[in-house]
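What follows is a set of notes on a single structure, which appears directly below.
This is how it looks when you write it as structure tokens:
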């Protein structure tokens, strides 16, 4: 579970679990963020993969990190996941406001949607579940009443994480020119 919340130290840690720190991305970690893009399954929609021009580049992602750092605002966002023992970033986990799952279930009042992604070499070790559990707890303590999630039907590992956390598939939708069915899940907090 969460052992600390809030930005209480110099690295800006938002949440801390037994093995992970969830904290803002640093500009020098843009290459890790790009690695996530390069590892994505070819079934992921094209706008979420590296394009023919090699975009987003490391420089693009550095700029995005700089803009995000100055944007501030309430909420959790998509912080970097840093392994405490190894001191390396392995992905992200957090909340986005009004994501596709939230809009699909309640277009008038979209709420926060949980999102996570880990480098392939760190998958299957329980990090996504541990981080997502901390994010769900954070949301609950922040007064959020319901979380949403979207996951491709073919993405069995992410579906298992959501099931472990108690998310229930509420709707299945086929996207135009998409790579199969998109499952929209929800969890009452």
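Residue numbers (the UniProt record's numbering): 1 to 189.
Even glycine gets a Cβ: it sits at the ideal position worked out from N, Cα and C.
Treat the numbers as computed from the prediction; the structure is a model and nothing was measured.
Per DSSP, the bridge partner or partners of residue i
i	result
residue 97	112
residue 118	91
residue 183	151 and 172
residue 32	In DSSP, residue 32 forms no bridge with anything.
residue 14	In the DSSP output, where bridge partners are listed per residue, residue 14 has none listed.
residue 188	146
Nearest candidate by alpha-carbon position, reference residue i, set the options
i	options	result
residue 167	174, 129 and 154	129
residue 111	156, 146, 65 and 42	146
residue 76	36, 87, 140 and 57	140
residue 170	164, 155, 188 and 154	188
residue 185	175, 121, 150 and 26	150
residue 165	137, 175 and 142	137
residue 133	22, 27 and 12	22
residue 39	91, 179 and 12	91
residue 126	113, 68 and 157	157
residue 182	161, 152 and 124	152
residue 190	83, 64 and 88	Residue 190 lies beyond the range of the chain shown here (1 to 189); nothing can be said about it.
residue 118	47, 62 and 88	88
residue 54	31, 93, 66 and 96	31
As assigned by DSSP and simplified to three states, the class of residue i
i	result
residue 145	coil
residue 6	Here the model assigns residue 6 a pLDDT of 47, short of 50, so the residue's position is not dependable, and the following value carries that caveat. Coil, per DSSP.
residue 65	helix
residue 23	strand
residue 60	helix
residue 86	coil
residue 52	coil
residue 123	coil
residue 133	helix
Residue range of the unbroken beta strand (DSSP E) whose run includes residue i
i	result
residue 83	80–83
Run of the alpha helix (DSSP H) containing residue i, from where it starts to where it stops
i	result
residue 162	156–164
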